[in-house]
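**Student:** Once you've had a glance at the structure underneath, I'll fire off some questions.
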Amino acid sequence: MRPPVTKPSLAIIWVIGLLAVIAAAAASRSEGPLRGYLPEDNAAPGWTRDGEPQEYEGQDLYTYIDGGAEIYHEYGFRRVIVQDYKNAGGKSVSLEIFEMETPAAAFGMFTFKRSGKGKVLKLGGGAELEAYYLNYWNGRFLVTLTGFDEAGETIEALGAMARAVETRIREHGSAAAPALVSALPEEGLVPGSVKYLRGLLGLNNIYPFYTARGLAFVEAVKGVYEGGAGLLVLDYGRPETRAAAWTDLKGYLAGSDRFKPVPPGDGGLAVFLDGKGLALAFAESGPRIIVGIDADAARASRLARLAR
Amino acid sequence: MTQKIGRREFVKTGAKAGVALAVGGRLAAAAARAKAVDVGVGIGADYEKAALKAVEVLGGIETFVPKGAKVALLPNVQSRHPGSFTKPEVLRAVIKLCRKAGAKEVNCLSWQTMKQWEDTGLKAVLDAEGAGLKLFEKDESLFKPVPVPGGQALTEARVLADLYAHDLFINMPITKDHAGNKFTGAMKNLMGLNSPVSNRTFHRPNWKTDPDDVAHLEQSIVDLNKAVKPALNVVDATEFITTNGPFGPGELIKPQKVVAGVDRVAVDAYCAGLWGLKPEDIVQIKRASEQGLGRMDLSKVAVKEARA
Numbered sequence: 000m001r002p003p004v005t006k007p008s009l010a011i012i013w014v015i016g017l018l019a020v021i022a023a024a025a026a027s028r029s030e031g032p033l034r035g036y037l038p039e040d041n042a043a044p045g046w047t048r049d050g051e052p053q054e055y056e057g058q059d060l061y062t063y064i065d066g067g068a069e070i071y072h073e074y075g076f077r078r079v080i081v082q083d084y085k086n087a088g089g090k091s092v093s094l095e096i097f098e099m100e101t102p103a104a105a106f107g108m109f110t111f112k113r114s115g116k117g118k119v120l121k122l123g124g125g126a127e128l129e130a131y132y133l134n135y136w137n138g139r140f141l142v143t144l145t146g147f148d149e150a151g152e153t154i155e156a157l158g159a160m161a162r163a164v165e166t167r168i169r170e171h172g173s174a175a176a177p178a179l180v181s182a183l184p185e186e187g188l189v190p191g192s193v194k195y196l197r198g199l200l201g202l203n204n205i206y207p208f209y210t211a212r213g214l215a216f217v218e219a220v221k222g223v224y225e226g227g228a229g230l231l232v233l234d235y236g237r238p239e240t241r242a243a244a245w246t247d248l249k250g251y252l253a254g255s256d257r258f259k260p261v262p263p264g265d266g267g268l269a270v271f272l273d274g275k276g277l278a279l280a281f282a283e284s285g286p287r288i289i290v291g292i293d294a295d296a297a298r299a300s301r302l303a304r305l306a307r
Numbered sequence: 000m001t002q003k004i005g006r007r008e009f010v011k012t013g014a015k016a017g018v019a020l021a022v023g024g025r026l027a028a029a030a031a032r033a034k035a036v037d038v039g040v041g042i043g044a045d046y047e048k049a050a051l052k053a054v055e056v057l058g059g060i061e062t063f064v065p066k067g068a069k070v071a072l073l074p075n076v077q078s079r080h081p082g083s084f085t086k087p088e089v090l091r092a093v094i095k096l097c098r099k100a101g102a103k104e105v106n107c108l109s110w111q112t113m114k115q116w117e118d119t120g121l122k123a124v125l126d127a128e129g130a131g132l133k134l135f136e137k138d139e140s141l142f143k144p145v146p147v148p149g150g151q152a153l154t155e156a157r158v159l160a161d162l163y164a165h166d167l168f169i170n171m172p173i174t175k176d177h178a179g180n181k182f183t184g185a186m187k188n189l190m191g192l193n194s195p196v197s198n199r200t201f202h203r204p205n206w207k208t209d210p211d212d213v214a215h216l217e218q219s220i221v222d223l224n225k226a227v228k229p230a231l232n233v234v235d236a237t238e239f240i241t242t243n244g245p246f247g248p249g250e251l252i253k254p255q256k257v258v259a260g261v262d263r264v265a266v267d268a269y270c271a272g273l274w275g276l277k278p279e280d281i282v283q284i285k286r287a288s289e290q291g292l293g294r295m296d297l298s299k300v301a302v303k304e305a306r307a
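Heads up: the protein sequence lines correspond to chains L and G, in order.
Reading the first sequence from the start, the letters are residues 0 to 307 in numbering that gives the first Met the number 0.
Reading the second sequence from the start, the letters are residues 0 to 307 in numbering that gives the first Met the number 0.
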């Protein structure tokens with residue numbers, strides 16, 4: 000005999016329904032918000048997805064990039080999705096879409112990862128195709144495609160897949176470089192040499208001062224000029240913060256056996272010679288410390304004054 | 000043969016091994032025997048032959064692996080991007096050498112994932128050559144506290160306990176760029192034996208603001224090397240990334256060299272020079288040399304290069 004429908008039964012149905020909704024939401028979350036940006040099969044003709052995508056959020060990045068996650072976190076990392084593709088010829092390509100916290104973070108990681116010597120592509124906020132990989136950024140997203148060989152079909156696939164991702168990333172309009180980049184004078188600036196930094200780890204890869212003293216900047220940018228001179232602009236947010244930082248940094252430089260003070264350069268700038276014979280000329284301007292770097296102290300000083 | 004080892008399995012099979020690792024006695028004897036050449040370098044497009052040649056010019060594998068020995072190997076499987084992991088050909092060569100010397104058992108030890116071993120092609124080599132793969136869970140009980148004599152940053156390391164169930168250990172890194180300290184080679188590879196929890200302490204939270212913390216990672220690596228000494232280092236310098244390390248993708252150079260030696264500092268100093276770095280600029284190499292782990296002055300090291 001079928002039992003009569005009772006109120007408790009209805010309650011159970013409601014609970015089951017509620018659980019189903021929660022489960023669906025959880026499933027949606029587990030798939031992650033970046034899946035929608037993955038190209039479908041044959042977005043690059045002949046290339047299909049190989050296996051399931053992997054997704055990592057926040058501190059889980061250490062699971063994916065053991066030993067190399069710190070730099071992403073320094074810029075500001077949210078999540079990444081990784082999907083492999085293969086073709087009938089047995090070639091493979093790996094696609095990584097990194098969602099950073101801000102467009103500046105995505106731009107920064109892009110400048111950190113590109114060599115500046117690759118082929119520039121018109122894609123998003125900027126793209127560079129290297130011998131076997133491609134980096135591009137747009138909005139909060141940094142896209143890295145890696146081929147596992149340098150065959151023509153693989154390299155073609157990198158471009159095709161990057162374009163396929165680009166059509167899916169809808170954050171156009173936020174692909175402008177951070178304002179600090181404009182602190183680098185344009186004349187003589189080597190295209191592709193700009194590195195945008197958000198912390199000491201990035202700076203150490205560009206110019207190691209071997210200290211943290213006076214280097215708690217908010218953001219920084221470095222460019223290389225024709226002839227090889229470098230210009231580093233450290234922005235501390237406020238003039239008084241910069242002043243305190245400069246006192247600290249100058250004290251370190253004066254006391255370090257790695258640096259030797261030399262007579263003031265043009266305009267009375269403080270100049271130090273490092274162990275490799277490079278002169279560092281320091282200028283101050285509002286919230287910024289500007290550092291000209293060159294083997295020729297006069298040239299380093301001129302560059303620093305120009306940026307000031 | 001692959002073993003996935005958690006706490007339960009280790010208690011059953013590994014505990015009886017105790018601290019039988021003859022890392023002290025046998026390895027010191029091996030180091031003493033390998034006097035004629037300090038750093039052996041095999042060169043050639045056939046990377047397996049280059050690896051065989053590197054060990055040959057160093058004095059031959061019998062110098063390091065006694066008959067009947069149980070050998071632990073530590074290749075780098077950190078990433079599958081080109082130039083970021085130890086080449087399968089190099090691993091194959093070392094396994095063959097161990098067999099030739101009459102090793103009873105050859106095992107790779109790792110707390111990385113099976114996917115990493117498969118993606119890098121190293122698992123296929125182990126299967127083909129009949130060597131073992133012991134994959135350990137990231138369970139702290141599987142790591143043995145090892146005192147660090149003269150440790151400055153670490154008082155103790157936490158090393159995979161199963162290492163001590165082997166007679167000797169061959170370190171098999173790839174040399175490459177590292178965003179944290181610019182260089183990775185023989186010394187840094189030992190982090191692959193140390194527990195992930197302990198490794199995290201290498202990156203202290205205040206390193207961006209505390210000037211005394213800047214070199215903490217480097218000193219921790221040096222200290223770890225005071226606790227564990229490989230019988231032999233065979234470093235893959237065939238093709239490796241010089242930017243965007245340790246994970247890549249990055250700029251790839253192809254010196255086509257395999258570098259072997261007992262002196263980790265000398266081996267790392269030689270490898271650093273392959274991509275234009277000065278050993279004294281790499282803090283871990285400089286400190287290791289100063290603290291007596293080896294020699295970074297290559298003018299005082301017998302280096303022998305031979306084409307395979």
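All C-beta atoms, glycine included, are put in the ideal place defined by N, C-alpha and C.
A quick note: this is a predicted structure, and the numbers were derived from the prediction, not measured.
Would you say residue 112/L reaches chain G, if we count a Cβ-Cβ gap shorter than 7 Å as a contact?
**Tutor:** yes
**Student:** Residues bridged to residue 315/L by DSSP?
**Tutor:** Lying outside 0 to 307, the shown extent of chain L, residue 315/L is not represented and no answer is given.
**Student:** For residue 210/L, collect the residues of the same chain with a Cβ closer than 6 Å to its Cβ; drop the 5 residues on either side in sequence, then sort them by chain order.
**Tutor:** 251
**Student:** Measuring only between beta-carbons, confirm whether residue 215/G sits less than 7 Å from chain L.
**Tutor:** no
**Student:** Residues of chain L with a CB under 8 Å from the CB of residue 181/G: which are they?
**Tutor:** 203, 204, 207
**Student:** Between the C-alpha atoms of residue 303/L and residue 192/G, what's the straight-line distance to the nearest angstrom?
**Tutor:** 47 Å
**Student:** Verify whether the separation of the beta carbon atoms of residue 70/L and residue 178/G is less than 7 Å.
**Tutor:** yes
**Student:** Does the pairing of the stretch 251 to 259 of chain G with the stretch 97 to 106 of chain G give three or more beta-carbon distances under 8 Å?
**Tutor:** no
**Student:** Any residues in the stretch 236 to 268 of chain G with a beta carbon nearer than 9 Å to a beta carbon of chain L? Which ones, in chain order?
**Tutor:** 242, 243, 244, 245, 246, 247, 248, 249, 250, 251
**Student:** Take residue 239/G and list the residues in its own chain whose beta-carbon comes closer than 6 Å to its own, dropping the five residues that flank it on each side.
**Tutor:** Cβ neighbours of residue 239/G within its own chain (closer than 6 Å, five residues either side excluded): 82, 173, 174, 175.
**Student:** Could you compute how far the alpha carbon of residue 91/L sits from the alpha carbon of residue 147/L?
**Tutor:** 6 Å
**Student:** According to DSSP, what are the bridge partners of residue 305/G?
**Tutor:** 41/G
**Student:** Would residue 96/L count as contacting chain G if we go by Cβ distances under 7 Å?
**Tutor:** no
**Student:** Could you tell me whether any Cβ in chain G is nearer than 7 Å to the Cβ of residue 100/L?
**Tutor:** It does not; no Cβ of chain G falls within 7 Å.
**Student:** Using DSSP with H/G/I as helix, E/B as strand and the rest coil, what is residue 222/L?
**Tutor:** strand
**Student:** Using a beta-carbon distance below 7 Å, is residue 164/G in contact with chain L?
**Tutor:** no
**Student:** I believe residue 43/L touches residue 156/L by the beta-carbon criterion, under 8 Å. Please report the beta-carbon distance rounded to the nearest angstrom.
**Tutor:** About 4 Å separates the two Cβ atoms, so the contact holds.
**Student:** Let me know the secondary structure DSSP gives residue 136/L once reduced to three states.
**Tutor:** strand
**Student:** Which one or two residues does DSSP pair with residue 54/L in a beta bridge?
**Tutor:** 80/L
**Student:** Check the Cβ of residue 146/G against every Cβ in chain L and list those closer than 8 Å, keeping chain order.
**Tutor:** Within 8 Å Cβ-Cβ: nothing; residue 146/G doesn't reach chain L, min ~25 Å.
**Student:** Is the Cβ of residue 178/G closer than 7 Å to any Cβ of chain L?
**Tutor:** yes
**Student:** On the three-state DSSP scale, how would you describe residue 282/G?
**Tutor:** helix
**Student:** Residue 81/G versus chain L: which residues are under 7 Å apart at the beta carbon?
**Tutor:** Close partners of residue 81/G in chain L (Cβ separation under 7 Å): 131, 147.
**Student:** Where does residue 306/G land, buried or exposed, given buried means 16+ other C-beta within 10 angstroms?
**Tutor:** Residue 306/G counts as exposed, since fewer than 16 other C-beta atoms from the protein chains shown sit within 10 angstroms of its C-beta.
**Student:** List, in order along the chain, the chain L residues whose C-beta lies closer than 7 Å to that of residue 77/G?
**Tutor:** Near residue 77/G (Cβ distances below 7 Å), the residues of chain L are 65, 66.
**Student:** Assign residue 234/L to one of three DSSP states: helix, strand, or coil.
**Tutor:** strand
**Student:** Return the Cβ separation of residue 242/G and residue 114/L in integer angstroms, given the expectation that the two are a contact with Cβ distance under 8 Å.
**Tutor:** 6 Å
**Student:** Any idea what DSSP makes of residue 74/G, helix, strand or coil?
**Tutor:** strand
**Student:** Counting only the same chain and skipping the five closest in sequence on each side, list residues whose C-beta sits under 7 Å from that of residue 161/L.
**Tutor:** The answer, listed in chain order, is 122, 126, 133, 135, 142, 144.
**Student:** Would you report the Cα separation of residue 288/L and residue 214/L, rounded to the nearest angstrom?
**Tutor:** Their Cα atoms are separated by approximately 10 Å.
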